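Protein chains in written order, with this note's numbering: chain B, 34 to 353; chain S, 24 to 321; chain R, 67 to 457. Beta carbons: idealized from backbone N, C-alpha and C, even for Gly. Note that this is a predicted model, so its numbers are computed, not measured. Reviewing the structure listed below.
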């Protein structure tokens, strides 16, 4: 335990350095607003992708309605700031709690389903959430919720991302995490070993949903508006594509894929008709030739660097 | 609302629902057959339906063909495309974890949709009037010719399918493969070929639905397959996935429920109602209305 | 072993494609000093792709015509299109890209009101104007939080309150309707806005709304709800949505035996409407529009002919308004005698009696287009002029 704590503090320190550098560059306008927007999008995507990876990659549950939880977080946080005039941190927490609660309520009955059925059920639930929001005049219905103040900036987003990644990484490396992984590997065997599979599946689902809510809150407070059209199943597929590209079960993969695909998306903005075609072709080719994605279920670790450098380092896996 | 007007509205909604339901049934048949045989939810199935509609459109406008030849051509083209997709995208992944195939299916679906948009533009197209649309007024209930034709053709196709599955050798092979693939292989059945046939038939039925929809609603666009595809899946699950009569029952039932919800509650919750039915069925009777419970073996 | 090699090659190809894409994204845009760049932030994919696509065509046609006549200020115009995927957050993203990366002088804003509003702050911060061809929500040009006009946002269309009341007055006065049913596209704030203002005016005129129903875009089967509406016996039905669904609604209504007049707004305007609904079904339906094709003015005829020649289809309202918006920017540039974004903005705000394809446009103090509406009646599948309503 002590070794992990020391390692975590070290990595956290490195993160602080990275933060200081990037924030400094933003302050002096070296990084223009277009890039700031993309960096913020990348960080929000990292939160979404790692939280989905917790459900799909580490626990092996095929959930493709993640945009629904994001929507709940986005809208509830916006209601807190716009209608109830609460501070931003309260709004984010409220969004997270609401999304997590919804995840819990939905997860409990549906996680009895397996594989394909769960996929369609979660897809349907994501759509139900979106259609419901579309029909609530209080949050703007089809016009969306407007006038959301721009509270999100690099600082908020960066530390939220760091917190998310650390939390999930430590969860994975704990008994709870190992239970989740065992469920992925062979659910019946895990059940036979005495692991309460429902409990851990719901746990992963709830936590994944809660972080999606955080991402949603950050999202809506950057774009001044929360609109149902931002949370369709296309969004869920986008997130899913990033998880799969990075590797189901690899946090390094999730982070890398988020960065890569956000850039690819931005680059292809000038060829809108081709963007989705290229995306889908990529998905198909990826699945045919490298279904484990970029990193499979491995993480980048100091040990690997050590081997490259020709020396041995006493390191175990770290998440960055 | 007094009883007479309620009753007449109810029957009218029923009529609306049955037409809608027969379309769902045709698409659902393809889903259920493919799932029965290789346990795959073919996300791209809704887009085959769209493809069929477009082939029918081009056959009637550029090819100037009458209805039946256009329908048959659409079915044949879709069958070929279905087989090609299975060969290229699903067969290599047959022994891989399910999640990989599911994602590939999503990828194929997106490719068909957006590739379609690229090729034929997102503008909706309209079918030429292929046959007239007389309106029959039966005791205050309005039925039109197109609705009758849709029902007749759907029923005819379903009867043909049932005959093929239950009375022909190919059908027997299909049932064998869906019951126990390994045993079927041992009995000398060419499983790959049977799977191709299944895809071909399922895709053909979806294409027929697409052409009928194109004529009935008079408007087709590249994204038209998404919602009907998902709803047809709900219909297949409702009836019992893997069970052919189940898909027919589920389709019609779903169409009727949707019409009732639209008519008596609110049409904006219609889609939510369909997914709601899915959740309820999966929670309480996952094997569907006509299905039997099967214990999963270790 | 061969498969392994193929796998390696495939992964290398994927990796290099992605690397190139990343580099392409990183690369800064070259700004030509001999061209003036205009941006278009439009819905090229997603749910509103048909409208954004039409608008893009309209803008491109305008630029082509201007360039063929020698350009503006001695320079040629070029158009940079950014796709907002019919989504508000992408609209902000696209606006940011056009303003900061592509360094355009003015931007054609998205079709949807919510997307324009999402990107509005970007226009303000970078002082580059955005003019939407069709956004009709009043909040687009007037910030609801402060009540002040957004300096850099304009529109080429009239706003919902005007259009909605035009049709309500027509229903009460010309059609003598006492009761009406509303059948609104609930996924469009444009349709909801029109519905709301129609209702207000209709009720003020003494009418009664007997039924309010909704549908969602991309729905195809409306018979269930229409059966419900039929049982309420309205004198008219107001269906202010977009032509794809409205066409099907009217067709299915006639099939159900609903023969009362249908009323709508400029979202109906498309050559596809009579194709989808059927010419006969459309008889006895009316909609408010910016112009009428019966209008034999040279401007309309020239535009329609040029558009047909270039794209092989008849232009719809989105194409016409986008063409007008682009031309208004060009005129403002000429008056300002400069390609400086702020100067263009100042001149655009002063647009008065500009002879556009869609009518005589004057931009008022809240940057909205003040122009007459025309009520069009559909007769045998053709749009015919019925009435003109002045603001």
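**OP:** Compile a chain-ordered list of the residues in the segment 247-258 of chain B whose CB is closer than 9 Å to at least one CB of chain R.
**Re:** 252, 253, 255, 256, 257, 258
Subject >> alpha helix (DSSP H) runs contained entirely in the segment 135-194 of chain B, provided each spans 4 or more residues >> reply: 148-167
Original post:
To which residues of the same chain is residue 78(S) closer than 6 Å at the C-beta, ignoring the five residues directly before and after it?
Top reply: 97, 100
**OP:** Have a look at residue 103(S) and residue 119(S) and give me their C-alpha separation to the nearest angstrom.
**Re:** 25 Å
**OP:** Show which residues of chain B have a CB atom less than 9 Å away from the CB atom of residue 217(S).
**Re:** Correct list: empty, because the minimum Cβ distance to chain B is about 21 Å.
Subject >> Among 37(B), 225(B), 262(B), nearest to residue 173(B) - alpha-carbon criterion >> reply: 262(B)
**OP:** Under 8 Å Cβ to Cβ from residue 136(S), same chain only, skipping five residues before and after it: list those, please.
**Re:** 70, 73, 245, 246, 248, 249
**OP:** Please list the partners that residue 52(S) has in chain R, where partner means a Cβ-to-Cβ separation under 8 Å.
**Re:** Near residue 52(S) there are no residues of chain R at all, since even the closest Cβ is about 20 Å away, more than 8 Å.
Subject >> Minimum Cβ-Cβ distance from residue 203(S) to chain B less than 7 Å >> reply: no
Original post:
Helix, strand or coil: how does DSSP classify residue 84(S) here?
Top reply: helix
Original post:
Helix, strand or coil: which one does DSSP assign to residue 149(R)?
Top reply: strand
Subject >> Every unbroken beta strand (DSSP E) within the segment 296-384 of chain R, with a cutoff of 3 residues, ordered by chain >> reply: 302-304, 328-330, 351-355
Subject >> Helix, strand or coil at residue 200(R) according to DSSP, with G and I counted as helix >> reply: coil
**OP:** Going by CA-CA distance only, name the one from 320(B), 151(B), 247(B) that's closest to residue 304(S).
**Re:** 151(B)
**OP:** Would you mind stating whether residue 244(R) and residue 213(R) have Cβ atoms separated by less than 7 Å?
**Re:** no
**OP:** Identify whether residue 291(S) lies in helix, strand or coil by the three-state DSSP scheme.
**Re:** helix
Original post:
Buried or exposed: residue 132(R), going by 16 or more other Cβ atoms within 10 Å of its Cβ?
Top reply: buried
**OP:** Determine contact between the segment 204-221 of chain R and the segment 308-321 of chain R, defined as no fewer than three beta-carbon pairs at a distance below 8 Å.
**Re:** no
**OP:** Please name the residues in the segment 193-218 of chain R whose beta-carbon is closer than 9 Å to at least one beta-carbon of chain B, in chain order.
**Re:** 203, 205, 209, 210, 211
**OP:** Tell me residue 257(B)'s beta-bridge partners as DSSP assigns them.
**Re:** Residue 257(B) pairs with nothing; no bridge assigned.
Original post:
Expressed to the nearest angstrom, what Euclidean distance is found between the alpha-carbon atoms of residue 270(S) and residue 137(B)?
Top reply: 32 Å
Original post:
Using the beta-carbon count (16 or more within 10 Å), is residue 346(R) buried or exposed?
Top reply: exposed
Subject >> Contacts of residue 159(R) in chain B (Cβ-Cβ under 7 Å) >> reply: 70
Original post:
Got a sec? Which residues, its chain only, sit under 7 Å from residue 443(R) by beta carbon, not counting five neighbours each side?
Top reply: 352, 450, 452
Original post:
Short check: CB of residue 221(S) to CB of residue 64(S), under 7 Å?
Top reply: no
**OP:** Taking residue 107(R) as part of the beta strand (DSSP E), name the residues at either end of that continuous run.
**Re:** 101-108
Original post:
Based on Cα-Cα distance, which residue from 51(S), 130(S), 150(S), 89(S) lies nearest to residue 463(R)?
Top reply: This structure does not reach residue 463(R), given that chain R is present from 67 up to 457, and the question cannot be answered.
Subject >> Given 8 Å, three or more beta-carbon pairs between the segment 290-302 of chain B and the segment 178-187 of chain R >> reply: no
Subject >> residue 318(S) at chain B interface by Cβ criterion, 7 Å >> reply: Note that residue 318(S) scores 49 on pLDDT, short of 50, meaning its location in the model is unreliable and no value can be drawn from it.
Original post:
Looking at residue 335(R) and residue 390(R), is the spacing between their C-beta atoms short of 7 Å?
Top reply: no
Original post:
Between 106(R), 109(R), 104(R), 121(R), which lies nearest to residue 380(R) when the distance is taken from Cα to Cα?
Top reply: 121(R)
Subject >> Exposure label - residue 345(S); buried when at least 16 CB within 10 Å >> reply: Since the first residue of chain S shown is 24 and the last is 321, residue 345(S) is not available in this structure.
**OP:** Examine chain S for any beta-carbon lying closer than 7 Å to the beta-carbon of residue 351(B), and answer yes or no.
**Re:** Because residue 351(B) carries a pLDDT of 43, less than 50, the predicted location of this residue cannot be relied on, and no value is offered for it.
Subject >> Contacts that residue 286(S) makes with chain R (C-beta to C-beta distance below 8 Å) >> reply: 290, 291, 293, 294
Subject >> Beta bridge counterpart(s) of residue 141(R) as assigned by DSSP >> reply: 138(R)
Subject >> Alpha carbon of residue 29(S) to alpha carbon of residue 292(R), nearest angstrom >> reply: 14 Å
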